[in-house]
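Shown next, in structure tokens, is the structure this report addresses.
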Amino acid sequence: MGEFGEFIAVRDVAAKSAENAARIAGVFQVFEQGVGGDLLPEYMKSGIAVAAWHLAEASRLFFETEKPEELQDAELLSEWLTTDGRCHLDDGRISLGRILQIGPYRLRNKQRRDQAVMVLADDDVCHIRLIEEGRSKLIEVSNFSITPWIASYSTGLP
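All letters in the sequence shown, in the order written, are residues 19 to 176 by this note's numbering.
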């Protein structure tokens, strides 16, 4: 947990992690065996596992909130396009207006939707392609996952 440690951003949670692991282990043991006796190693291992998970989640949530809004929105749009929104694609395409109607609630704002679309259409990401057919503006979705590209895009790494 030193000055440049993995959990420096959540040091207050990390500082209490060992104590929390012991408390969780005690609860597990009391639940299964009743009050009394020394804390058994198997319960301590379980308590450590639960405390480690909570510490990792605290770290993940902290860094998630540190990410710029347009990148969070781009990840949300990408996830929606490749999961729930996939059924709304017509030959891999969907109109920008349709995203405002049925897309993720956070992206039913034209400005936020457009920023997310621009991130996903960026040459470094290439998850979607913008298409104009007459007066309609569409996006065409590529078939690969966007997650690793968003991470490199947000950090500027290749």
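All residues carry an ideal CB built from backbone N, CA and C; glycine is no exception.
The structure displayed is predicted, hence computed values, not measured ones.
Answer yes or no: do GLY65 and TRP98 have a C-beta to C-beta separation smaller than 8 Å? Reading the sequence shown from its first residue, position 47 is the one you call residue 65. Reading the sequence shown from its first residue, position 80 is the one you call residue 98. For GLY65 and TRP98, no; Cβs fall outside 8 Å.
Beta-carbon contacts of ARG124 that lie in its chain and below 7 Å, excluding the five residues immediately before and after: Locating residue 124 in the sequence shown gives position 106, counting from the first residue. So the list reads ASP91, LEU94, ARG130, once near-sequence residues are dropped.
Can you give me the Cβ contacts of HIS106 inside the same chain, cut-off strictly under 7 Å, excluding the 5 residues immediately before and after it? By 1-based counting over the sequence shown, the position of residue 106 is 88. Cβ neighbours of HIS106 beyond the five flanking positions: ILE112, ARG116, ILE120.
Nearest to ALA70 (by Cα), restricted to the options GLU60, PHE80, GLN51, ILE42: The residue labelled residue 70 in the question sits at position 52 within the sequence shown. Among GLU60, PHE80, GLN51, ILE42, the Cα nearest to that of ALA70 is on ILE42.
Alpha helix (DSSP H) segments (min. 4 residues) lying fully within the region 100 to 164: 114 to 120, 128 to 139
So, helix, strand or coil for PRO86, using DSSP? The residue you call residue 86 lines up with position 68 of the sequence shown. DSSP places PRO86 in coil when its eight states are reduced to three.
In three-state terms, what does DSSP make of LEU57? What you label residue 57 is simply residue 39 of the sequence shown in a count that begins at 1. Coil at LEU57, not helix or strand.
Suppose contacts are defined by Cβ-Cβ distances below 8 Å. Is ILE157 in contact with VAL135 by that definition? Within the sequence shown, residue 157 is the residue found at index 139, counting from 1. Within the sequence shown, residue 135 is the residue found at index 117, counting from 1. Cβ atoms of ILE157 and VAL135: closer than 8 Å.
Endpoints, alpha helix (DSSP H) assigned at PHE25: As a position in the sequence shown, residue 25 is number 7, starting the count at 1. Segment: none, PHE25 is in no alpha helix (DSSP H) and carries neither H nor E.
To which residues of the same chain is PHE46 closer than 6 Å at the C-beta, ignoring the five residues directly before and after it? Stepping through the sequence shown from its first residue, residue 46 is reached at position 28. If we look at PHE46 and ignore the five residues flanking it on each side, its Cβ neighbours are TYR61, SER64.
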